[in-house]
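Trainee: Quick note on our numbering: the sequence shown kicks off at 2 and runs consecutively. Quick one: the structure is below, questions incoming.
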Amino acid sequence: MILEDATPLFHNANAPSGLASLTKDFGRLHELPPTKSMKTFTKNLIAKIERLQKRLLSYANLARITDDDGWLYNPLDGSPNLVEHNAVKKFYQFRLVGIDTMRKSNLEHLNRAVSTAVAASLYTDVNEDLNDAKEKLSGAPTFLSAELNELKDSAIASSLLDDTDKIKMGEYWDQLIKYNSRLLEQHLLKLKGQQKAQPGTKEKEKALQPAQKQTKKVFVNVHLEKRVSIPSFVFRTLNLGANFQVCSLPTQRSLRNSWQEARGQILKKTGGGQKIGSAVINLIDSFNDRRFCNINFINKVLRNSGLRKAANINLTLRRVYEFLVDNDLIVVLADKNLGLTIVNKDWYHKHMLAHFDDTEMFSYIDTNAAPALVCTVDSSTVNWTPLIKKLFFRLKSVVRTYFVNEKDTNNFLAKYWDESNVVFPQTYGLAKLHKNPVVLRYITPVTSWVNVSIKVQVKRNKET
């Protein structure tokens with residue numbers, strides 16, 4: 002049944018016969034002035050909530066809502082350690098008047114205190130407005146019901162009405178109040194479900210497109226011993242470089258599902274059984290209403306030409322990979338930061354094997370009979386624990402010469418020797434295109450091996 006057309010309930014075949022009699026005597030059920038005023042009031046109130054949520058989102062980067070342990074934190078508490086002080090500075094200006102000098106540490110402490118107070122005040126103000134608006138919105142039906150009952154009392158209070166007339170008119174007013182209450186309920190459902198379009202999006206994107214369109218220089222090099230024709234889509238894709246992430250366009254359903262899962266995880270981040278504050282709830286609701294469940298915002302993001310261009314890489318990346326495999330080609334980095342280079346796989350393997358065949362730098366390990374003090378092999382998995390222990394005791398003997406007692410030696414090794422870093426260094430080659438003939442520059446990055454921390458310490462001691 003649609004209530005907006007003010008169709009009386011007795012038009013419904015299932016409507017009670019008593020209501021038909023009432024409307025025949027008193028007229029059709031209609032929208033009362035208080036209902037119309039309340040509909041306007043709630044419409045403005047929901048628009049205000051939308052503005053406040055957008056304002057709250059603009060404060061989202063002013064303070065972290067999680068502490069160092071990952072538990073949810075109330076930004077209204079104003080902890081200086083969680084406030085992003087540089088981000089807060091754009092919302093206020095602060096200077097001392099009549100003060101010639103101040104110690105740098107004291108001034109820094111003062112600035113942090115001011116920015117902390119500003120961040121907490123901004124959060125407090127917008128959250129108080131949000132809570133007040135939500136409270137008024139939730140109380141609108143009750144407030145309207147009270148107003149309508151006052152009108153009912155005034156209507157049946159006339160001394161000209163006898164008891165029978167008052168009972169009959171009271172029944173009519175009861176139906177009229179129910180009708181107007183349902184009008185407001187339907188109005189609120191429409192307002193809460195609607196999403197305003199963001200104007201000017203398409204025009205702005207079209208205006209920016211000509212300025213963003215620029216010719217890019219190709220930095221993909223080719224060094225091939227065998228003649229192979231490289232298609233343009235290979236250069237176009239590899240020209241994006243080595244450091245990019247391939248993405249696909251998400252759907253609105255996947256975004257909502259991912260957000261609901263993330264939201265559930267966020268709400269679980271409460272330490273010690275503490276109740277989540279309204280400030281955190283308001284921030285989460287703002288992300289929910291203005292971002293992840295806002296169709297207009299999602300469409301605006303998905304229309305972004307940069308995102309679509311990145312997603313289209315999926316269509317060509319597989320073709321590039323298949324072309325390289327079919328033609329026995331690989332892509333490596335070039336020395337001197339000269340970009341990516343397409344080379345023959347056989348050529349690359351030949352030069353890498355020449356490096357590993359250098360017996361002065363490498364020694365061959367038979368995985369079928371691995372040396373006892375080097376490694377163990379189990380199901381093709383190499384375990385370097387024997388070598389790590391051997392290196393540890395060798396290092397310990399050296400460290401002992403620099404410390405007086407065993408305790409200092411053990412403390413030093415515990416601090417700078419990390420046996421959890423057991424990612425064996427992997428060697429690769431950079432194509433030296435500036436050389437003739439082209440050769441490889443061999444790189445062995447040691448970033449997750451046991452000696453990383455001790456290596457940094459030794460380097461510092463040499464510099465000092």
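Backbone N, C-alpha and C define an ideal beta-carbon position, used for all residues, glycine too.
1. Comparing C-alpha positions only, which one of LEU63, LEU192, ILE178 sits nearest to ILE50?
2. Classify GLY307 as helix, strand or coil using the three-state DSSP reduction.
3. Within its chain, find whatever has a CB closer than 6 Å to the CB of LYS391; leave out the 5 residues flanking it on each side and keep chain order.
4. Go through its chain and collect everything with a Cβ distance to ILE455's Cβ below 8 Å, but skip five positions before and after it.
5. Are the region 361-370 and the region 336-350 touching by the rule of at least three beta carbon pairs closer than 8 Å?
6. When the distance is taken between beta carbons, is PRO426 closer than 8 Å to VAL447?
7. Is LEU431 helix, strand or coil by DSSP?
8. Please give me, in chain order, every unbroken run of the alpha helix (DSSP H) with length at least 4 that falls completely inside the region 350-412.
9. By how many angstroms is the C-alpha of GLY171 removed from the C-alpha of ILE282?
10. Which two residues bound the contiguous beta strand (DSSP E) that contains HIS224?
11. Can you give the Cα-Cα distance for LEU314 and PHE236, rounded to whole angstroms?
12. How should LYS205 be labelled, buried or exposed, when 16 other C-beta atoms within 10 angstroms of its C-beta is the threshold for buried?
13. Assuming LEU63 contacts VAL89 (C-beta within less than 8 Å), just tell me the rounded distance between them.
14. Give the straight-line distance between the Cα atoms of ILE389 and ASN422, rounded to the nearest whole angstrom.
15. Starting from TYR443, trace the beta strand (DSSP E) both ways and give me its first and last residue.
16. Just how far apart, CA to CA, sit ALA371 and PRO387?
17. Can you give me the Cβ contacts of PHE92 inside the same chain, cut-off strictly under 7 Å, excluding the 5 residues immediately before and after it?
18. Do LEU441 and PHE353 have their beta-carbon atoms positioned less than 8 Å apart in this structure?
19. Based on the DSSP output, what are the partners of THR342 in its beta bridges?
20. Are ILE299 and GLN253 closer than 8 Å when you measure CB to CB?
21. Using 8 Å for Cβ pairs, my map puts LEU145 next to MET39. What's the rounded Cβ distance?
22. Going by DSSP, what residue range makes up the alpha helix (DSSP H) through GLY171?
23. Could you tell me if the beta carbon of LEU225 falls within a distance shorter than 7 Å of some heavy atom in the ligand ZN?
24. Mapping DSSP to helix, strand and coil, what is ALA64?
25. Are the Cβ atoms of PHE234 and THR317 separated by less than 8 Å?
26. Quick check on PHE288: buried or exposed, where buried means 16 or more other Cβ atoms within 10 Å of its Cβ?
27. CB-CB under 8 Å to ALA141, same chain, minus the five flanking residues each way: which ones, in chain order?
28. By Cβ distance below 8 Å, which residues in the same chain neighbour ARG309 in space, the five residues on each side in sequence not counted?
29. Considering only C-alpha positions, which residue in the set GLU420, TYR429, VAL439, TYR443 is nearest to SER1?
Mentor: In terms of the structure at hand:
1. Taking the first residue of the sequence shown as position 1, residue 50 is located at position 49. Comparing Cα positions, the closest option is LEU192.
2. Here residue 307 refers to the residue found at position 306 of the sequence shown. If DSSP states are grouped into helix, strand and coil, GLY307 belongs with the helices.
3. As a first step, residue 391 is located in the sequence shown; it is residue number 390 there, counting from the start. Leaving aside the five residues that flank LYS391 on each side, the residues in its chain whose CB is nearer than 6 Å to its CB run, in chain order, LEU374.
4. Indexing the sequence shown from 1 puts residue 455 at position 454. For ILE455, where only same-chain residues beyond five positions count, the Cβ hits under 8 Å are LEU396, TYR417, TRP418.
5. no
6. The residue you call residue 447 lines up with position 446 of the sequence shown. The residue you call residue 426 lines up with position 425 of the sequence shown. For VAL447 and PRO426, yes; Cβs fall inside 8 Å.
7. If you number the sequence shown from 1, residue 431 lands on position 430. Reduced to three states, the DSSP call for LEU431 is strand.
8. 386-400
9. Position 281 of the sequence shown, counted from the first residue, corresponds to residue 282. Position 170 of the sequence shown, counted from the first residue, corresponds to residue 171. Going by the C-alpha atoms only, they are around 43 Å apart.
10. Here the question's residue 224 lines up with position 223 in the sequence shown. Its beta strand (DSSP E) spans residues 222-224.
11. Stepping through the sequence shown from its first residue, residue 314 is reached at position 313. Stepping through the sequence shown from its first residue, residue 236 is reached at position 235. According to the sequence shown, residue 314 is Ile rather than Leu. The straight-line gap from Cα to Cα measures roughly 12 Å.
12. Your numbering for residue 205 matches position 204 in the sequence shown. With a pLDDT of 48 at LYS205, under the threshold of 50, the predicted position of this residue should be treated as unreliable, and no value is reported.
13. Indexing the sequence shown from 1 puts residue 63 at position 62. Indexing the sequence shown from 1 puts residue 89 at position 88. That pair is a contact at about 5 Å.
14. Against the sequence shown, residue 389 aligns to sequence position 388. Against the sequence shown, residue 422 aligns to sequence position 421. If I take the Cα positions, the gap works out to 10 Å.
15. In the sequence shown, the residue the question calls residue 443 occupies position 442. Counted as a single uninterrupted DSSP element, the beta strand (DSSP E) harbouring TYR443 occupies residues 440-444.
16. Taking the sequence shown and counting its residues from 1, the one referred to as residue 371 is at position 370. Taking the sequence shown and counting its residues from 1, the one referred to as residue 387 is at position 386. ALA371 and PRO387: Cα-Cα distance of roughly 11 Å.
17. Within the sequence shown, residue 92 is the residue found at index 91, counting from 1. Cβ within range, chain order: VAL119, LEU123.
18. Start at 1 with the first residue of the sequence shown, and residue 353 comes out as number 352. Start at 1 with the first residue of the sequence shown, and residue 441 comes out as number 440. Checking the sequence, you will find Met at residue 353 rather than Phe. Cβ atoms of MET353 and LEU441: closer than 8 Å.
19. As a working note, residue 342 is residue 341 in the sequence shown. DSSP, once it has assigned bridges, lists ASN222, VAL333 as partnering THR342.
20. As a working note, residue 299 is residue 298 in the sequence shown. As a working note, residue 253 is residue 252 in the sequence shown. Going by C-beta atoms, ILE299 is nearer than 8 Å to GLN253.
21. The residue labelled residue 145 in the question sits at position 144 within the sequence shown. The residue labelled residue 39 in the question sits at position 38 within the sequence shown. Sure, about 5 Å apart at Cβ, within 8 Å.
22. On the sequence shown, position 170 is the one that residue 171 refers to. Taken as a continuous stretch (DSSP letters only), the alpha helix (DSSP H) holding GLY171 covers 164-194.
23. Ligands in the displayed structure: none, and consequently the ligand ZN is not present.
24. For the purposes of this step, residue 64 is taken as residue 63 along the sequence shown, with counting starting at 1. Strand.
25. For the purposes of this step, residue 234 is taken as residue 233 along the sequence shown, with counting starting at 1. For the purposes of this step, residue 317 is taken as residue 316 along the sequence shown, with counting starting at 1. Yes, the pair counts as a contact, with Cβ atoms nearer than the cut-off.
26. Residue mapping note: residue 288 aligns to position 287 of the sequence shown, counting from 1. By the 10 Å Cβ count, PHE288 comes out buried.
27. Your numbering for residue 141 matches position 140 in the sequence shown. Counting only Cβ-Cβ distances below 8 Å, and skipping sequence neighbours, we find MET39, PHE42, THR43, LEU46, LEU185, LEU189.
28. What you label residue 309 is simply residue 308 of the sequence shown in a count that begins at 1. Result list for ARG309: LEU250, LEU303, in chain order.
29. Past the boundaries of the shown model lies residue 1; the chain is included only from 2 to 465, so the question cannot be answered.
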